[in-house]
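There are 2 protein chains.
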Amino acid sequence: MCQPRPVTDTPVCVLGLGLIGGSLMRAAAAAGREVFGYNRSVDGVKAAQFDGYDATTAIDAALSRAADSGALIVLAVPMPALGSMLSHVRAHAPDCPLTDVISVKGPVLAQVEAAGLRPRFVGGHPMTGTAHSGWAAGDEHLFADTPWVISVDDDVDAGVWAEVMHLALACRAFVVPARSDEHDAAAAAISHLPHLLAEALAVTAGDVPLAYALAAGSFRDGTRVAGSAPDLVRAMCEANSEQLLTRLDRSIELLTQARTNLAEHTSVADLVEAGHAARIRYDSFSRPDILTVTVGAPQWREELAAAGRAGGVIRSALPVRGSRG
Amino acid sequence: MCQPRPVTDTPVCVLGLGLIGGSLMRAAAAAGREVFGYNRSVDGVKAAQFDGYDATTAIDAALSRAADSGALIVLAVPMPALGSMLSHVRAHAPDCPLTDVISVKGPVLAQVEAAGLRPRFVGGHPMTGTAHSGWAAGDEHLFADTPWVISVDDDVDAGVWAEVMHLALACRAFVVPARSDEHDAAAAAISHLPHLLAEALAVTAGDVPLAYALAAGSFRDGTRVAGSAPDLVRAMCEANSEQLLTRLDRSIELLTQARTNLAEHTSVADLVEAGHAARIRYDSFSRPDILTVTVGAPQWREELAAAGRAGGVIRSALPVRGSRG
Chain A
1 MCQPRPVTDT
11 PVCVLGLGLI
21 GGSLMRAAAA
31 AGREVFGYNR
41 SVDGVKAAQF
51 DGYDATTAID
61 AALSRAADSG
71 ALIVLAVPMP
81 ALGSMLSHVR
91 AHAPDCPLTD
101 VISVKGPVLA
111 QVEAAGLRPR
121 FVGGHPMTGT
131 AHSGWAAGDE
141 HLFADTPWVI
151 SVDDDVDAGV
161 WAEVMHLALA
171 CRAFVVPARS
181 DEHDAAAAAI
191 SHLPHLLAEA
201 LAVTAGDVPL
211 AYALAAGSFR
221 DGTRVAGSAP
231 DLVRAMCEAN
241 SEQLLTRLDR
251 SIELLTQART
261 NLAEHTSVAD
271 LVEAGHAARI
281 RYDSFSRPDI
291 LTVTVGAPQW
301 REELAAAGRA
311 GGVIRSALPV
321 RGSRG
Chain B
1 MCQPRPVTDT
11 PVCVLGLGLI
21 GGSLMRAAAA
31 AGREVFGYNR
41 SVDGVKAAQF
51 DGYDATTAID
61 AALSRAADSG
71 ALIVLAVPMP
81 ALGSMLSHVR
91 AHAPDCPLTD
101 VISVKGPVLA
111 QVEAAGLRPR
121 FVGGHPMTGT
131 AHSGWAAGDE
141 HLFADTPWVI
151 SVDDDVDAGV
161 WAEVMHLALA
171 CRAFVVPARS
181 DEHDAAAAAI
191 SHLPHLLAEA
201 LAVTAGDVPL
211 AYALAAGSFR
221 DGTRVAGSAP
231 DLVRAMCEAN
241 SEQLLTRLDR
251 SIELLTQART
261 NLAEHTSVAD
271 LVEAGHAARI
281 RYDSFSRPDI
291 LTVTVGAPQW
301 REELAAAGRA
311 GGVIRSALPV
321 RGSRG
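Taken in sequence, the protein lines are chains A and B. For the first sequence, full-length UniProt numbering assigns the number 325 to the last residue and increments by one with no breaks. For the second sequence, full-length UniProt numbering assigns the number 325 to the last residue and increments by one with no breaks.
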């Protein structure tokens, strides 16, 4: 059974010690939190242990410890491994607060619901990364000053939401509250589509003699994420296929219009001017602090979703109704 | 009349003091070269003078001085202003060695030929930049360790070629020798296409609520060049429209295939794996030093073009046949 504790002392159980899970373990430990974790591969566990962290390949033991200590469980495995992890959680720690760090939120929520774990679940997505993967690529500063989405779907529990908020802030991220469906539409546009465009650019240039010899900043920047491990890119793109298709169609449409204008009028004015204006709007996009919402108060979820949509972020912990903290 | 001088003491006359021309003026001066320049706008000239550089709005005076001192003239104006500049050069300094720093080489060569200035012209293209423009954005280090293409078309003059090589090396760039037509095909793939993809990404994301709130590294990198001044992006893309169309068609084709696979098989494997492989090839692309070619020796242009195509670069000055230096 989970034992009640003051919210910021809750231990953290990380399932999966790759780039994100491994960075989270380091960041939570650096913030003074008790943190332990599971990883499938022995090599990853040994590397974590060598660096002084509490890691095991024994999933059921890790989850029993989570249940005994009332830990916040963080699902940090790739999407294809999620179903198996949820079965273990259900068997050994069904009452623990549960979150995830997977890059798509709707499909995760559907699997969590199918596993009967939705009441104690609040989805999360730290919007950060590098082109590398695995424990060795982890960094306790990976989350510093980056957005960490926390889901505010219709029925999320205020207490669990507050736990996840405290974890994200302990990792020095700022929190963006968002509905799962809105998150996925935005993630398709700003994370999954950029990967496909980078891949297409790399392939196109690879066909041209002399291209690599001349490549400079715009090619390096434009293809950086094509260096990411293909299985991870596939996992996140394919898990969000419905939203990604919509955005991919839109970008093909824009490029096709530009192609026509270039061929017929030797002009790319429409696309270039619209793109520049959009990028300038992004550069001037402000992130006001969300200060006035109490987690658990009436309409708190709707208020947070609206504030997040307007650019609002949580940089210091919001009050929680009925909190013992 | 141009006076003969030891090659590395040749004065430099920069026409246009924007990002590239202004950076070149600073870098050449830092290397100990005599450098003076012309700029159309009074504000740019005053800013350059305030920073201690020798600049004027009087184009004909600048060119008469170039003719008197045997200066290497650098055309650093946007493509639309090239024709007018060439008329001035023809009128006042037709015998000076002449180069340019414009991002497309075939169309520049055609205009230079039409102006009757081809015998003393060797095209150049420093493959560097930032998202900013104008004198104030310039930086003497802008060229450090970046590729500077120098054209090796069939009939370029060895002496002028050596002058341009020395200038590029003085600015701390490395030289990539390339034919103008091959340069333009590669530039479309690694510079102009990335701009159009960045613009399309910025526009696509701009349509989605929450997108800017969640944007992180992959969006920032993927849209960085969309922050470039639209008129400069248009000038370089539209000047290279024929080559750009070919690459744009290829990338639309790749994205459309990926769209079909994603819709029908929920898979982006083909594109992601090909893109990753292409990016890895780029990461391991080596740049061997070109050491054994003598500029002006038999077949020197063909040898340099072949070496550049294979990744070869010039990091210290090649010998020049008959050089007095």
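Ideal placement from N, C-alpha and C gives every residue a C-beta, glycine not left out. The structure presented is a predicted model; accordingly, all values stated were derived computationally and were not measured.
Report the three-state DSSP secondary structure of residue i (helix, strand or coil).
i, result
"F285 of chain B", "coil"
"S87 of chain B", "helix"
"D60 of chain B", "helix"
"I290 of chain B", "coil"
"P6 of chain A", "The pLDDT assigned to P6 of chain A is 43, lower than 50, so where the model puts this residue is not dependable; a value taken from the coordinates is nonetheless given after this. In this structure, P6 of chain A counts as coil in the three-state DSSP scheme."
"D100 of chain A", "strand"
"V272 of chain B", "helix"
"A67 of chain B", "helix"
"D54 of chain A", "strand"
"V295 of chain A", "strand"
"C237 of chain A", "helix"
"S133 of chain B", "coil"
"L117 of chain B", "coil"
"G37 of chain B", "strand"
"P177 of chain A", "strand"
"H195 of chain A", "helix"
"V122 of chain B", "coil"
"residue 328 of chain B", "No answer is possible for residue 328 of chain B: it lies beyond the span of chain B, which begins at 1 and ends at 325."
If you measure between the beta carbons of residue i and residue j, is that distance less than 8 Å?
i, j, result
"L117 of chain B", "V74 of chain B", "no"
"R172 of chain A", "V152 of chain A", "no"
"A239 of chain B", "P147 of chain B", "no"
"S23 of chain B", "G138 of chain B", "yes"
"L197 of chain B", "G222 of chain A", "yes"
"A93 of chain B", "L72 of chain B", "no"
"M127 of chain B", "L193 of chain A", "no"
"A67 of chain B", "S87 of chain B", "no"
"P177 of chain B", "A278 of chain B", "no"
"V313 of chain A", "V225 of chain A", "no"
"V156 of chain A", "R287 of chain A", "no"
"G248 of chain B", "R259 of chain A", "Checking the sequence, you will find Leu at residue 248 of chain B rather than Gly. Yes. Within cutoff."
"F50 of chain B", "C13 of chain B", "no"
"A162 of chain B", "V272 of chain B", "no"
"Y53 of chain B", "A30 of chain B", "no"
"G275 of chain A", "A131 of chain A", "no"
Shorter than 7 Å, the distance from the beta carbon of residue i to the closest heavy atom of the ligand PLP, or not?
i, result
"H265 of chain A", "Looking at this structure, you won't find the ligand PLP or any other ligand, since it has none at all."
Using alpha carbons as the reference points, say which of the options lies closest to residue i.
i, options, result
"P78 of chain A", "A:A93, A:A229, A:L169 and A:A188", "A:A229"
"V104 of chain A", "A:R40, A:A185, A:L196 and A:N39", "A:A185"
"A136 of chain B", "B:M25, B:T260, B:A263 and B:G322", "B:M25"
"Y282 of chain B", "A:A168, A:L248, A:E199 and A:D155", "A:E199"
"L201 of chain B", "A:A188, A:V203 and A:A202", "A:A188"
"R220 of chain A", "B:V295, B:Q49, B:I280 and B:V45", "B:I280"
"V112 of chain B", "B:M127, B:A81 and B:L167", "B:A81"
"T256 of chain A", "B:V122, B:L244 and B:G124", "B:L244"
"G123 of chain A", "A:I190, A:I150, A:G32 and A:V45", "A:I150"
"F143 of chain B", "B:P288, B:G21 and B:T246", "B:G21"
"T99 of chain A", "A:S84, A:G83 and A:R120", "A:R120"
"E34 of chain A", "A:V272, A:S69 and A:M236", "A:S69"
"S241 of chain B", "A:S267, A:D51 and A:A278", "A:S267"
"D270 of chain A", "B:C237, B:A269, B:R301 and B:L271", "B:C237"
"A305 of chain A", "A:C13, A:G83, A:A29 and A:H183", "A:H183"
"A110 of chain B", "B:E163, B:A31, B:R65 and B:G83", "B:G83"
"P209 of chain B", "A:L167, A:R309, A:A28 and A:P97", "A:R309"
"M85 of chain B", "B:A47, B:D60 and B:P11", "B:D60"
For residue i, is the classification buried or exposed, using 16 other Cβ atoms within 10 angstroms of its Cβ as the cut-off for buried?
i, result
"residue 356 of chain A", "Given a span of 1 to 325 for chain A in the structure shown, any question on residue 356 of chain A remains unanswerable."
"D9 of chain A", "exposed"
"V101 of chain B", "buried"
"A91 of chain B", "exposed"
"M1 of chain A", "The predicted position of M1 of chain A is uncertain, since its pLDDT is 43 and thus under 50; a value taken from the coordinates is nonetheless stated next. That one is exposed."
"E253 of chain B", "exposed"
"G44 of chain B", "buried"
"L291 of chain A", "exposed"
"S284 of chain A", "exposed"
"S191 of chain A", "buried"
Quick test of your reading: residue i and residue j, contact by CB under 8 Å. State the CB separation rounded to the nearest angstrom.
i, j, result
"L19 of chain B", "S133 of chain B", "5 Å"
"R158 of chain A", "V320 of chain A", "Looking at the sequence itself, residue 158 of chain A is Ala, so the reference to Arg does not match. Indeed they touch by this definition, with Cβ atoms about 6 Å apart."
"N39 of chain A", "A55 of chain A", "6 Å"
"V160 of chain B", "H195 of chain B", "The pair is not a contact, with the Cβ atoms about 31 Å apart (cut-off 8 Å)."
"G217 of chain B", "G129 of chain A", "7 Å"
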